[in-house]
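Numbering (our numbering), first residue to last: 384 to 1170.
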Amino acid sequence: MILQTSLGQELQVTNRSSGNNFIADIPNAQLRLPSGEAFTFRSTKPIAGVSEITVTNFDANTIRVTVVGEATVPTVELYDSANEGIIFSVATAASIAQQPQTQPKPQTQPANQPSTQTQPKPSTNSDQPIELVVTGEQDGYSVPDATTATRTDTPLRDIPQSIQAIPQTVIKDQGITRIVDAVRNVSGAVITSGYGNVFGDVTLRGFGGASTLRDGFLNGNGSFFVSGDNIDRVEVLKGPASVLYGQVSPGGVVNYVTKRPLSEPYYSADFTVGSYDLYKPILDLSGPLTQDKKLLYRLIVSNENSRSFRDFIYNRIFFISPSLTYKISDATTLNFAYEYLDAKSGFDQGFLPIPISFKLPRNRNFDEPFGYQIIQTHLVNVTLDHQFSDNLRLRSAFTGRFDYLDGIYAYIDGSLQEDGRTLKRSPASGVSYRDNFALQTDLIGKFNTGSVAHQLLFGFELSRQTSRDTGYFYNGQYDEFPSIDIFNPTYGLGRLNLFTLDRFGPASILSTQAIYLQDQVTLLPNLKLLIGGRYDFVKNGTQEIDSLFYDEAFSPRVGIVYQPIEPISIYASYSKSFQPNNAQTANKLFIDPSRGTQYEVGVKAELFDQRLSATLAAYDIAKTNIAIPDPQNPDYSIAVGEGKSRGIELDVAGEILPGWKVIASGNLNDAYVSEDSDPTRIGKRFEGVPYHGASLWTTYEFQRGNLKGLQFGAGFFFVGERIANQRDPFSVPSYIKTDASISYKRDNWQAALNLKNIFNINYFEVSGYTIYPQAPFTVQGTISVNF
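Dropping the structure here:
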């Protein structure tokens, strides 16, 4: 295999072994075909003893070559040829044994030793080198590997569950500033709340409140992701994920994977301006701090100032994230990352879910001009990664997150009065402190039992979340707080004399101890089994002794993948999830956790020489033991009912032709109440869940000629009709939002223009008993410079 590059001998190769894998990283480089398009190269069983060779863009500035041995780590020779480029010569004991006896055995270099430059490898008639061109271009829309589904670097085609990854290229091309918008590209995913078009929660496969992760850690306040400046990609694992992450929704999880320090100098500056006074500069610096490149750094800083199409909504968001990587030795790496977020905005509760709301101007806000909310977050993450041997690895990570929330606003209280225009309001406000601590430790081992290969993951997790809340109260009777006319609102209440501070109540505590075990079994080169289970011990409630409750739950997962031919994977899986109910019956007994069970089958394909990936999945999820208010005593709960969600999904991402990239999705979903103590609720659809949805985003970049570097993009996002609540079913109309973009890049700079909602449709997102109007036609421009 030959890597051909115009950089010549400037490229430096760093290689190591991990288990049966030989891994070589080539920094300050990107992978392109001779014609100029980006791609990922993969070869299955090229020689005896080697199961796979992959060459891919590991990050924005690094090529990774991985050679996977079937039984032992392969032997790889590296050559620097002035005429041919960098040459990788792969050999194993099995391949050498199959060579003619007259052919001399090559001089070899152990794979776990630093590479050295030697004389060029002589060409033979039997050698058919694979020539790959290295340039400085970005990769496409397809992501071959992900960590969310298994906690290990596993090709998506080997995972018996639907998982979609939205890479940085898509995020940039679509001009995404609210990172949750990235999930619009994923089938079965719906954004279910707006809050001034800043925050957002996600519904996956019909179940709301999809749990959010940050680098594999559960994020206690998922809706508070207001910036994607530190996010490298978004991975969406659909279906129950309790086997690895514990207390999560049966619909799935959204994992935000952050950017890491780079081994080569990288300096980037972006400046974005847009509609509604949007101004946002971003600075991204990275590189080595020492000549031996053992200490790396990255610093990301951004500051957003903007208003909104909604009255009284403004955004002041400052974000900074320094991170360090210290390569203590060839086997040990220590990573440290810190994030600070300071966000302040106006408060927006949207509209009531009633037909008359569609007659209101979408800028209308029922809060007072003085309403605000503040979020301040400190996050610290420390990860230690140690390779004991080729087949044994330890990874231990700690994260601490500290949130401060404050706000004062006029809260919509109930429904419209009899006159059909007067809306009752009440004062609402308060201060909250939320502290989250988590420790994850994984031991990853590789071994064989006969001809069967195993990758075993054993781990444990400790976490504790503490919340303390207080409130401001109105100086007077709540009945005296002024209502508002939704058609002719009058604003102008005072502020300072309206509220007094109440003391903090008892702290709410959620603590978890868990152990988990997973085995990725390669029964045959084309037949793979994934089996695992997790046991959680949960304590939840307040510091008052009589309000604490304990839960235990076992969450299994079993899946199998069969690959009849190299580009096709057929899979089936079974998995379970659980979520504590934190509710009591009238007898003051805590209700058992809600459980989710999923059956899923699907097909994954890699098309157009592996440039395009596709996943077709069908699933059936049942959620049981759902807590609802006790009809005889509304202050308590009863466990009744079952909800079901069934559907089919299609996701496609990659490059069809050189320069033509696409990411698309489509789904059908039937999510309804299947069992309930109230017969009138049986058969009703879940709130905020459309029956069908689809998305398409495509770009074309000219590859040569005078227009080289010019790119056009366009796409649509379709969400079907939904109900806002089951108590009084009210249909929120379907919509198709259309976006477009144009960009031009030359050398180290790029200019981009994004047009969003270009047909200026009036559409809404749904959350509980509220609907949120979304932005009209907006324009956003970005200038980027890389050094």
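Where a beta carbon is used, it is the ideal one built from N, C-alpha and C, also for glycine.
Interface flag, residue i vs chain C, CB-CB below 7 Å
i: Ile562; result: Among the chains of the structure shown, chain C does not appear; only one protein chain is present.
For residue j and residue i, the rounded distance between their alpha carbons
i: Gly915; j: Glu844; result: 15 Å
i: Ile406; j: Val438; result: 10 Å
i: Asp380; j: Asp694; result: Past the boundaries of the shown model lies residue 380; the chain is included only from 384 to 1170, so the question cannot be answered.
i: Gly1076; j: Pro550; result: 21 Å
i: Ile614; j: Asn568; result: 16 Å
i: Ile711; j: Ile1065; result: 60 Å
i: Tyr1146; j: Tyr1155; result: 8 Å
i: Leu1138; j: Phe753; result: 31 Å
i: Pro889; j: Gln848; result: 14 Å
i: Pro497; j: Val473; result: Interpretation of Pro497 is limited by its pLDDT of 33, a score under 50 that renders its predicted location unreliable; the figure taken from the coordinates is listed afterwards. When rounded, the distance between both Cα atoms is 16 Å.
i: Asn398; j: Pro543; result: 30 Å
i: Leu717; j: Arg745; result: 49 Å
i: Gly942; j: Asn1089; result: 51 Å
i: Asp919; j: Ser846; result: 11 Å
i: Arg1087; j: Gly523; result: 17 Å
i: Phe741; j: Gly589; result: 25 Å
i: Thr805; j: Ala565; result: 38 Å
i: Asn1050; j: Val984; result: 15 Å
i: Ile700; j: Glu687; result: 5 Å
i: Asp541; j: Val526; result: 13 Å
Nearest-angstrom Cβ-Cβ length linking residue i and residue j, presumed shorter than 8 Å
i: Glu1058; j: Glu1032; result: Contact flag wrong, Cβ pair sits at about 25 Å.
i: Phe730; j: Gly790; result: 6 Å
i: Gly558; j: Thr1165; result: 7 Å
i: Thr1153; j: Gln732; result: 6 Å
i: Val986; j: Ile953; result: 5 Å
i: Ser815; j: Asp852; result: 5 Å
i: Ser977; j: Asn964; result: 6 Å
i: Ile1039; j: Leu1079; result: Their Cβ separation, rounded to whole angstroms, is 12 Å, which puts Ile1039 and Leu1079 out of contact at 8 Å.
Cβ-based neighbour list, residue i, same chain, cut-off 6 Å, excluding 5 preceding and 5 following
i: Ile665; result: Asp612, Asp653 and Ser685
i: Leu1093; result: Phe1085 and Tyr1127
i: Ala997; result: Ala988 and Val1035
i: Ser625; result: Val631, Ser938, Ser960 and Phe961
i: Gly547; result: A small correction: the amino acid at residue 547 is Gln; Gly does not occupy that position in the sequence shown. These residues qualify, in order along the chain: Val569, Val619 and Asp1034.
i: Asp408; result: Thr397, Thr445 and Arg447
i: Ser389; result: Only weak support is given to the placement of Ser389: the predicted model assigns it a pLDDT of 47, under 50, and the question is left unresolved by the model.
i: Phe1100; result: Arg567, Ser1078 and Lys1120
First through last residue of the beta strand (DSSP E) which encompasses residue i
i: Val617; result: Ile614 to Lys621
i: Tyr1083; result: His1075 to Glu1084
i: Ile700; result: Tyr697 to Lys710
i: Asp1053; result: Trp1043 to Glu1058
i: Ile409; result: Asn404 to Pro410
i: Tyr659; result: Here Tyr659 belongs to no beta strand (DSSP E), and DSSP marks it neither H nor E.
i: Val763; result: Tyr755 to Ser772
i: Glu801; result: Counting along the chain, Glu801 falls outside any beta strand (DSSP E), and DSSP gives it neither H nor E.
i: Ser1124; result: Tyr1118 to Arg1129
i: Val631; result: Premise fails: Val631 is in no beta strand (DSSP E) and is neither H nor E.
i: Ser938; result: Phe932 to Tyr945
i: Tyr899; result: Ser891 to Leu907
i: Leu682; result: Leu678 to Arg690
i: Tyr982; result: Ser977 to Leu990
i: Gly916; result: Leu910 to Thr925
i: Phe741; result: From DSSP, Phe741 is part of no beta strand (DSSP E); its letter is neither H nor E.
Sequence-distant residues of the same chain with beta carbon closer than 7 Å to residue i, five excluded per side
i: Asn1143; result: Pro1159 and Phe1160
i: Asp598; result: Val640, Thr641 and Asn764
i: Thr485; result: In this predicted model, Thr485 has a pLDDT of only 41, less than 50, meaning its place in the structure is not dependable; the value taken from the coordinates is given anyway. There are no such residues.
i: Lys677; result: Tyr709 and Lys710
i: Ala714; result: His769 and Gln770
Start-to-end residues for the alpha helix (DSSP H) that takes in residue i
i: Tyr524; result: Here Tyr524 belongs to no alpha helix (DSSP H), and DSSP marks it neither H nor E.
i: Thr552; result: Gln551 to Asp556
i: Tyr628; result: Ser625 to Tyr628
Residues of its chain near residue i, where Cβ-Cβ distance is below 8 Å and the 5 sequence neighbours each way are ignored
i: Val1073; result: One point to set straight first is that residue 1073 is Pro, not Val, in the sequence displayed. Same-chain partners within the cutoff: Val573, Asn1052, Val1102, Gly1103, Glu1104, Arg1105 and Ser1117.
i: Arg808; result: Phe749, Ala793, Tyr794, Ile795, Asp796, Phe864, Pro865, Ser866 and Ile867
i: Ile737; result: Ser798, Leu799 and Phe1113
i: Pro947; result: Asn909 and Ile953
With three or more C-beta pairs closer than 8 Å as the rule, is the region 747 to 755 touching the region 866 to 878? Flag = yes, the region 866 to 878 and the region 747 to 755 touch.
I want to know whether the region 648 to 659 touches the region 624 to 631 - three or more CB-CB distances under 8 Å. Taking 8 Å as the limit for Cβ pairs, the verdict is that the region 624 to 631 does not touch the region 648 to 659.
Does the region 528 to 536 touch the region 609 to 622, meaning 3 or more C-beta pairs lie closer than 8 Å? When Cβ pairs closer than 8 Å are counted between the two stretches, the region 609 to 622 is seen to touch the region 528 to 536, the count reaching three or more.
Stretch-stretch touch, CB-based, cutoff 8 Å, three pairs: the region 796 to 804 with the region 815 to 830: Contact between the region 796 to 804 and the region 815 to 830 is absent: fewer than 3 CB-CB pairs across the two stretches fall below 8 Å.
At least three beta-carbon pairs within less than 8 Å, the region 1110 to 1126 to the region 1033 to 1042: No, the region 1110 to 1126 does not touch the region 1033 to 1042.
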